[in-house]
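Down below is the structure, laid out as structure tokens.
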Amino acid sequence: MSAADLPCVMAIQAEAYAAADFAPEQPAVFRDRMALAPALCLVACDAAGAVLGYLLSHPWLEAAPPALHSALGRLPAAASCWYLHDCAVAARAHGQGMAAVLYARALAQARAQGLVQGALVAVGGAAGYWRRLGYATRDLGAGQSKLAAYGPGAAYMVRALD
Numbered sequence: 001m002s003a004a005d006l007p008c009v010m011a012i013q014a015e016a017y018a019a020a021d022f023a024p025e026q027p028a029v030f031r032d033r034m035a036l037a038p039a040l041c042l043v044a045c046d047a048a049g050a051v052l053g054y055l056l057s058h059p060w061l062e063a064a065p066p067a068l069h070s071a072l073g074r075l076p077a078a079a080s081c082w083y084l085h086d087c088a089v090a091a092r093a094h095g096q097g098m099a100a101v102l103y104a105r106a107l108a109q110a111r112a113q114g115l116v117q118g119a120l121v122a123v124g125g126a127a128g129y130w131r132r133l134g135y136a137t138r139d140l141g142a143g144q145s146k147l148a149a150y151g152p153g154a155a156y157m158v159r160a161l162d
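Positions 1 to 162 (the UniProt record's numbering) are the ones given, in order, by the sequence shown.
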């Protein structure tokens with residue numbers, strides 16, 4: 001993903017989360033993640049180069065999902081978790097396997113970086129999709145309140161990357 005991709009990425013995000021219970025994130029959040037973890041922020045394009053999907057992720061700490069709408073500024077030194085911040089595909093590309101390709105490429109990169117745990121917050125009923133990829137819901141205990149910003153039904157999910 002590059003800065004030149006952001007207009008298309010923002011349009012896909014707006015389309016994907018049009019009915020979400022949270023506001024879409026601003027380009028500054030994407031720029032922050034791209035600067036910190038460029039190899040884990042990807043786009044999928046058609047043959048003409050048009051962006052059809054994206055995956056935004058970075059190394060992080062397990063059981064500590066970052067707040068929405070916030071820049072990280074830097075990555076934790078002890079990061080062992082691959083945090084999948086967002087993945088969306090344009091409606092016109094649904095059913096083409098784009099999300100799976102993006103996920104597989106980012107997963108390989110996360111493993112190559114030595115990350116051993118995967119984590120994400122599933123929103124909008126997407127938990128079933130992530131379960132099929134090996135993720136399981138994990139209660140954050142006292143930190144469960146952090147999920148409120150992600151909307152009703154948001155679930156923190158984890159999986160081993162081995």
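A virtual CB, placed ideally from N, CA and C, is assigned to each residue, including glycine.
Linking residue 58 to residue 142 through their CA atoms gives a straight-line distance of about 24 Å.
By the neighbour-count definition (other C-beta atoms within 10 Å, threshold 16), residue 9 is a buried residue. For residue 121, the CB contacts under 8 Å within the same chain, skipping 5 residues up- and downstream, are 65, 147, 150, 154, 155, 156, 157 in chain order. Here residue 118 is not near residue 56, since their CB atoms are 7 Å or more apart.
For residue 34, the secondary structure class from DSSP, reduced to helix, strand or coil, is helix. According to the DSSP secondary-structure assignment, residue 73 is paired through a beta bridge with no residue. Contact between the region 72 to 90 and the region 27 to 47 is established, with three or more Cβ pairs separated by less than 8 Å. Secondary structure note for residue 157: its beta strand (DSSP E) is the uninterrupted segment 155 to 160.
In terms of CA proximity to residue 4, 27 leads the group 110, 27, 72, 139. In this structure, the alpha-carbon of residue 105 lies about 19 Å from that of residue 50. In the assembly as shown, residue 33 is a buried residue. Its beta-carbon has 16 or more other beta-carbons within 10 Å. Counting other Cβ atoms within 10 Å of its Cβ, residue 136 stays below 16 and is therefore classed as exposed.
Non-local C-beta neighbours of residue 14 in its own chain, meaning closer than 7 Å and more than five positions away in sequence, comprise 24, ordered along the chain. Secondary structure of residue 2 (DSSP, three-state): coil. If you look at residue 106, you'll find it in the alpha helix (DSSP H) that goes 98 to 112. By the criterion of a C-beta distance shorter than 7 Å, residue 123 is surrounded in its chain by 20, 150, 151, 154, once the five residues flanking it on both sides are discounted.
Burial is judged here by how many other beta carbons sit within 10 angstroms of a residue's own beta carbon; residue 127 has at least 16 and is buried.
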